[in-house]
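Have a look at the structure below before the remarks.
Protein chains in written order, with the working numbering: chain D, 1 to 323; chain E, 324 to 967; chain L, 968 to 1066; chain Z, 1067 to 1583.
And the structure:
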C-alpha cells in the first residue's frame, strides 16, 4: 500500500465541528440530571457518529448507525425512561465511599492511556478504502458478511430472536389474581358507587380545560358542584406540578371558599378507577406558583393535602403506566 | 543311603495337628461334641509318627541321621531365596518327641481338666495349633521358617494365655507375653538381617557353612541378637517378666507351653546356632551370664511366691536359666542343656499337671497358704508330684540329678574366672531350688490343713478358714500325671547311663572330649547333694514341721522384693511403659494440633484471606466496575512499563 | 488532521462512557454509558478499517451493532423487571451480588 | 488361545466395562433395583477378564498388553496402556477387592438420617430412594474400579495425571455422601489434600513437557525414560513435584492427616478400597514413574526419603497405639506400613524392592479385611470407639476371629500375608543400611502393640451386657471374608507365584536405582 491517504480539508472541518459537540453531548451522561435529556443528547452523539462513519468511508455503517442506534436503541431507551418514570431525577451526590475519586482517577487514566497509546503508536501510513469500496461500500461489506462471516451472521440472527424472546420472558408478569374483564370492572365501579355515593365512581372523568377562558390541557375541569376535578388533568402534568391554577382562575370559579373549607370531596383511594381518580381541591394549589397566596392562607390544610397527594400519586402513576 | 519312608513323611507331623486345628476352628460349634477327641487323636498321631521316625532314624548309621526334606519354594525373591524345608536330625527329633509325647499327654489331661469349659473345642484347636507351630519351629531348616514357628508358638501362647480373656487382666497378660516376645523377635529379625547382609542366606546349611569364614564382629552381633531372641522366648533376663503373668492361662497350657516346650525354644535356638556361637565367644559368654542371672533371679522369686503356679513359673525360669547357662558354655554344655531340657520337660510338666490337679480339687485355689495336708485326699497327685519334686531337686537317681548335675559340672569347667563364677552360682541355684520346691511341696501336701471340710468345724481356730472338698482327679488327668512321673523318675537315668543321649546328639552338637572341672567331680556331686538336702531341710523345718501362717508375714526386704518379682514390672513400667505412654499421648496430641493443625491453619488462613478479600464484594455493581476500570488501567500501565 | 484524531475522539468517548458507569446510579444512564463505550469502540474499528484499507473492521463494527441491539433489548428488559420488583432503577439498590 | 486373547485390547476393556456399567446403573432407572446384583456381576466379569490375562502374561517380558492411541497430539498426550508384573498384580488386587466390597456393603448403604443431606423426600421408608442410593453407591464403586485399573495400566504421563485426579471424584462422593456423621469435612479434606498434590504434579508434568520439548507422544512413559538424562535440575524439580503428590497419596508423615479422618468417616468398603488399593497409587507411582524417569534425582534424594519413611513407620505405629477409634487406628497402621513400603522402594536393594511390591498387595488384602470386619463390628455396635466394646469375642466369635487373623496379618505374623513382604523389606534395607533396618524393626514391636491393644480393648474383657446379643457374621459377610482370609494365608505360605511375577519387575527397577547411585 504505497498510496498515501490524504484527508480533505472538508473532513477536517467536519471533524473539528462534530468532535467537540460529541464530547459535550457525551458529557451529558455525567452531568445531566434527567434521563430524558441524557437520552436525547446521546442520540445526538450517535447521529454525529453516523456522520463521522460516512466521512470515514463507511456509508453503510453510517446508515445502520442511524437506523439501529438512533432509531431503535435510543428510542427503546426513551420508551423505558417513560415506563420507569420520566420525571425521576437523579441526585448526583455520591453514596459509595471513594467511588467518585476512583471514577475520576480511572477515567483520567483511561483517557490519558488511550491518548498516549494512539498518539505515540506508530501506524502504517493510512490506506483508505478506495480500493475496498470499489463496488460501493455496502457491496464490499456484504461480500464479507455473506462470505467470510456468513456463519456468525446467521448466529446473530439466532441471537436477535433469542434476545427478543428473552425480553418477552423477562418482562412477562405472572397473573396473580383472576382476570378482570369488562364485567368485573363495571361491578367494581358500581360497588364503589354504592359505598361512597360518589358519581365519579361510575361516570368517566371529564376532560380538562372546558372553560371558555382557558382551554389548555393543564386546566382542571370543573364539576357540576363547582369544584375543580384534578383527575381531569393527565397524571404526568399532575405529577410534575404543572396543573394550571392561578389565582384568577380560582376566583372565577369561586374556588376560594372551597379552598378555605379544606374538605376533600372525593375519596381517591380506590384503585379500580385510576383514570377517574380525583383529588382534593386543595391539592391543586400545591406546586403552582400562582397558588402561593392561597396556600399561605391555610398551611395546615395544604400540608395535609401534600401528604395525601404524594402518597397517592406515585403508586397510581406506576399502575397506570403499566397498564 | 537307606530308604526312609517315614522320615519323608515328616511334614505330616506338622500337617496333622494343623489340619485338626483348622477343622476345629472353621467347623465351629458343630465340632463341639467330638472336637476335643479330634485334638487328642491329632496329637497322638503326631506322637506315633514321631516315634516311628525315631525308630527309623535309630536304624540308620550315625552319619546318615540328618535329613533335609525340601518341601516347596517359599520366598523366591531374587537375591533372597528361601525354601520351606524340614531338617530331621537327632536334635529336632528330640524336640519332636518331647513336644508330641508330652503334648499328647497334656491333650488327654485337658479333656478332663477343661470338661466344664464351654469353649473346650477352641482350647483344643489352639493346643493343636501350638503343637503344629512348635513342630515347625524345631523342624525348620532355615531361620526364616524357624521364625514362622517361633511366632506361631507366640501366637498360640497368646491365644491360650488369654483363653479366659473375659478377665481383663488375663487378656493383658496375654498381650504382655506377645509383645515381650516380639521384642525378642526383633533380635531374631536383626540376626537374620545380619546373616542375609553378610552371608546372603538364612538357611541353616549355608549359614553354618559360611559362619566359619565370617568376620567375628558380625558373628558376635548375630549371636547377641539370637541371645536376645532366646531371652524373649525363654523368659530370660531382661525379658522374663511375661512368664509369671502367663500363668493366667489354663494349667495344661502352663504345663505344655510355659514349662515343657515353648519356653525352651530359646535353648534350642542357641544350640541349633552352635556354629554361629562358635565364632562368637563374646555372645556365648553373654548367654552364659544371662543364664546365670536368670537362674538366680527365678530361684529367688520362687522362694517368695505363694501362688503355686507362679512358683512353678519362677522355677521354670530358673531351670531354663540353667539350660541357657549350659548352652552358653559352648560345646561341652550343648548336650547337657538339651538333656536337662528334656528331663525338665517331663518333671516340670508333671508338676504343673499336679498343680492343676490340686487346683481342680481345691476349687481353683492357687494360694499355697490355703493348702496343706493334701497328701491324704490326693494320693496319686501327691506321689506323682513328689516324683517331680525329687527330680527337680536332683536327688539321685531321679531324672534331674543326671541332667542338672552335669550342668553344674560343666559350669565348673573352663579357665580363668568363669568356672569360679558360673560354678558356684549353679551350685547355689541348686540349693535355692531345693528350698523353694520343697517349700511348695510341703506347703501343699504336708503340714496342717489351712482349709476345713465343713462349716461346723469344732476347732475354734478354723473359723476363718475356707471350706474345701479336696478330691482326687479323674483318671483322664491322673494317667498323664503318672506317665510323666515315670518319666521324671526314670528318663534321666535311662538316657544318661552310658552317655546315650550325648552320643545321640553328636551328629548335631559334635563330639566333645571330656573336660575336667576345676573341682573334682565326686566332690561336686557330694557338694550338690549336700546343699540340696540343706535347702530341703530348711524348707521342711519352716513349712512342714511348723505352722504356716495363712496371711503372708511381712518378711525381709528380699522377700518383699521377690514377691513382686524383684520389681521387674516396676522397672519395665518406669523405663518403657510410662515414657512410652507419655510419648504416645504427646504425639497423638501433636498430630492433631501441630501436624494437622498446620494443614488446618493453611485452610483457615485461606478462609481468612478470602474473607478479607471478600470485603471488596460490596454487591454494588459500580464498585465492581470501578475495580475493573482500575484493573484495566493498571494492566495497561504494567504492559507499557515493561515495554519501555 | 489525521486519522489518529478519530482514535483520540474514540478514546475520550470511551472513557466518558466508562466513568458514567462508575458514577451514575441510574441503571438507564449507566446503560447508556455502556452503549457509548460500544460506539466508541465501533468508531475505532471503522477508523482502523479505513487506515488499513480493509473492510473487516467495518464488518466487526456491524456485528457489534447487532449484538448491542440484542444486548439493549435484554438489558432494558432486565431493568424494567428489576424496577418492577424493587421499585427502583438504581444500581445501588440491586446489590444482591454481595450474597 | 493366546493370539486372540492377547490381541484383544484387554486393558482398555477392563477400564471401559466397569465405567460403562457404572453409567448405565446410575442412569437407567429400571436397573436401580437390580444395581447390586448387576454391579456384583460386572465386577466378577472384570475379575474374570483380569484373570484371563494371566496365562498370556510373561513375567520376564517387560510391559505387555500394550495399546497406544493418540489423544491430544498437541501436548503429546496419548492413551497408552500396558502392564508389567507390578501392574498386573495391582490390577488383580483391585479387581478382586471390588466384588468383595460390593458384597460386603450389600445392605450397608442406607438412607441418611432424616434431614442429614436433604436427599430423602419426606422421611418415610422410601424404597425407591433407597434403591437409587444403593445404585449410586454401586455405580461409584464400579467407576472407581475403572479408574483403579486405568491408573495401574496407563503408560502415558498425561493420562496418568488425568486418571490420578479423576479417581478423586468417585471417592469424594463415596465419602461425602455415604460416610459417617462428619463425612463432609472429611471428604473435603481428602479432596483438598489430593488436589493439592495433584496440582503440584500437574505443574511437574507441564515442566517436564517444556523441558523435553514436547511433540507427539512426548508424554509416553517409554519416551520419557531417559529424556532428562544429564539434566539434573529438571529431574530434581519434576521428581519433587511428583513426590509430593505420591507422598500425600501414600500417606507419609507429615502429609498423612487426611487419611485417619477419611477412613474414619468413609463407609468401610470405601476405606478398604481407598487404603487397600488407591493409596498404593502413591507407592506405585514412586516405583513405576519416578524411578525410570528421574533416576539420578531419586538416587540423590533417596536417603532423605528413607529417613522420612522410618519416621512414618515409627510415628504411624505410635499414633496407632494412641487412637481410640478403631477406624482411625487402622488408618494409622497403614501410615506405618506405607512407611515400610516407601523404605523398601528407596533403600535401593532388589530384595527390598520385591518386598515393597508384594507389600503393596499384602497390605491391600489385610487392610481391606481389617476395614471391612471393623465395619461389620461398628455397624452392629453403632460405634467406632473401642471403649464402647468389651468382651466381644464371646459375643461374635467369628467376627473376632477374622479381625484377629487380619490383625495378625497386619502385624506381619509369619505364615500370614504381612510377613513375607515385611521380611523382605527389612532384610533388603539392612543390606543397604543397617541403621535403617534396625530402626524399621522397631515397627515390629509397635505393630504387635497396636493390633493387640485394639483386640484386647474390643474383644476381650467382661462381656458388655448392652451388647451381649449382637449377631455374629451372617452368611454373606462370612463369604466376603473367606477370599480375603484365604488370600492372607496363601500370601503367607505360597507367595511364590506372586513373587515370580514381581521379581523381574523389581530387578529392573532396582537396577535403575542401583546404576544411578
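Glycine included, every Cβ here is placed at the ideal spot set by N, Cα and C.
Here the structure is a predicted model, which is why all the values come from computation and not from measurement.
Check: In angstroms with no decimal places, state the Cα-to-Cα distance between residue 1461 of chain Z and residue 1399 of chain Z.; Outcome: 26 Å
Check: Can you give me the start and stop residues for the alpha helix (DSSP H) that residue 392 of chain E sits inside?; Outcome: It is not in any alpha helix (DSSP H) - residue 392 of chain E instead sits in the beta strand (DSSP E) that spans 390–400.
Check: Listed in chain order, which residues of the region 935–948 of chain E have Cβ atoms closer than 7 Å to some Cβ of chain L?; Outcome: 940, 941, 942, 943, 944, 945, 948
Check: With distances taken between CB atoms, is the gap from residue 1000 of chain L to residue 114 of chain D smaller than 7 Å?; Outcome: no
Check: Can you check which of these residues, E/950, E/524, E/703, E/835, is closest to residue 678 of chain E by C-alpha distance?; Outcome: E/703
Check: By the three-class DSSP mapping on this structure, what secondary structure does residue 1137 of chain Z have?; Outcome: strand
Check: In chain order, what residues of the same chain have a beta carbon less than 8 Å from the beta carbon of residue 37 of chain D, not counting five sequence neighbours either side?; Outcome: 28
Check: Might you give, ordered along the chain, the residues of its own chain that have their beta carbon closer than 6 Å to the beta carbon of residue 759 of chain E, omitting 5 neighbours on each side?; Outcome: 625, 626
Check: Looking at the strands, I want to know which residues DSSP matches up with residue 1149 of chain Z.; Outcome: Z/1130
Check: Any idea if residue 104 of chain D is buried or exposed, counting beta-carbon neighbours within 10 angstroms, 16 or more meaning buried?; Outcome: exposed
Check: Verify whether the separation of the beta carbon atoms of residue 793 of chain E and residue 700 of chain E is less than 7 Å.; Outcome: yes
Check: List, in chain order, every chain E residue whose beta-carbon is nearer than 7 Å to that of residue 1514 of chain Z.; Outcome: 501, 502, 505
Check: Below 7 Å between beta carbons: does that hold for residue 1385 of chain Z and residue 498 of chain E?; Outcome: no
Check: Quick check: the region 1349–1362 of chain Z against the region 1483–1492 of chain Z, are at least 3 beta-carbon pairs closer than 8 Å?; Outcome: no
Check: Within the 7 Å Cβ cut-off, does residue 962 of chain E reach chain D?; Outcome: no
Check: Of the residues E/943, E/853, E/962, E/959, which one's Cα is nearest the Cα of residue 990 of chain L?; Outcome: E/943
Check: Reducing DSSP to helix, strand and coil, say where residue 319 of chain D ends up.; Outcome: Interpretation of residue 319 of chain D is limited by its pLDDT of 40, a score under 50 that renders its predicted location unreliable; no figure is taken from the coordinates.
Check: Look up residue 1451 of chain Z in the DSSP assignment and say whether it is helix, strand or coil.; Outcome: strand
Check: Cutting at 6 Å between CB atoms, please list the residues of its own chain near residue 468 of chain E, excluding the five before and the five after it.; Outcome: 407
Check: What does the alpha-carbon distance come out to for the pair residue 1444 of chain Z and residue 1454 of chain Z?; Outcome: 10 Å
Check: Between the region 899–928 of chain E and chain Z, which residues of the former have a C-beta closer than 7 Å to a C-beta of the latter?; Outcome: 906, 907, 908, 910, 911, 914, 918, 919, 922
Check: Residues in the same chain with beta-carbon distance under 6 Å from residue 1547 of chain Z, minus the five sequence neighbours each way, listed in chain order, please.; Outcome: 1468
Check: Could you name the residues of the same chain whose beta carbon sits closer than 7 Å to that of residue 39 of chain D, not counting the 5 residues immediately before and after it, in chain order?; Outcome: 74, 77, 78, 81
Check: Checking contacts by CB at 7 Å: is residue 12 of chain D closer than that to chain E?; Outcome: no
Check: In chain Z, which residues lie with their C-beta within 8 Å of the C-beta of residue 463 of chain E?; Outcome: Here the premise fails: no neighbours, minimum Cβ distance about 10 Å.
Check: So residue 495 of chain E contacts chain L; which residues on that side make the cut at Cβ distance below 9 Å?; Outcome: By Cβ distance, chain L contributes nothing, its closest Cβ being about 59 Å from residue 495 of chain E, past 9 Å.
Check: Any idea what DSSP makes of residue 117 of chain D, helix, strand or coil?; Outcome: helix
Check: Take the Cβ of residue 1304 of chain Z as the centre, count every other Cβ of all protein chains shown within 10 Å, and call the residue buried at 16 or more, exposed below.; Outcome: buried
Check: Checking the sheet assignment: what are the DSSP bridge partners for residue 1144 of chain Z?; Outcome: Z/1136
Check: Taking Cβ to Cβ, would you say residue 1436 of chain Z is nearer than 7 Å to residue 1396 of chain Z?; Outcome: yes
Check: If contact means a Cβ-Cβ distance below 7 Å, which residues of the region 86–120 of chain D contact chain E?; Outcome: 96, 99, 102, 103, 106, 109, 110, 113
Check: Taking contact to mean at least 3 C-beta pairs separated by less than 8 Å, is the region 688–700 of chain E in contact with the region 733–752 of chain E?; Outcome: no
Check: Mark residue 596 of chain E as exposed unless 16 or more other C-beta atoms lie within 10 angstroms of its C-beta, in which case mark it buried.; Outcome: buried
Check: Could you name the residues of chain E that residue 1047 of chain L contacts, counting a contact when the two beta carbons are closer than 9 Å?; Outcome: Under the 9 Å cutoff, chain E gives no residues; its nearest Cβ is about 17 Å from residue 1047 of chain L.
Check: Could you tell me whether the Cβ atoms of residue 455 of chain E and residue 500 of chain E are closer together than 7 Å?; Outcome: no
Check: Between which residues of its own chain and residue 363 of chain E is the CB-CB distance below 8 Å, once the five residues before and five after are set aside?; Outcome: 427, 430, 431, 434, 447
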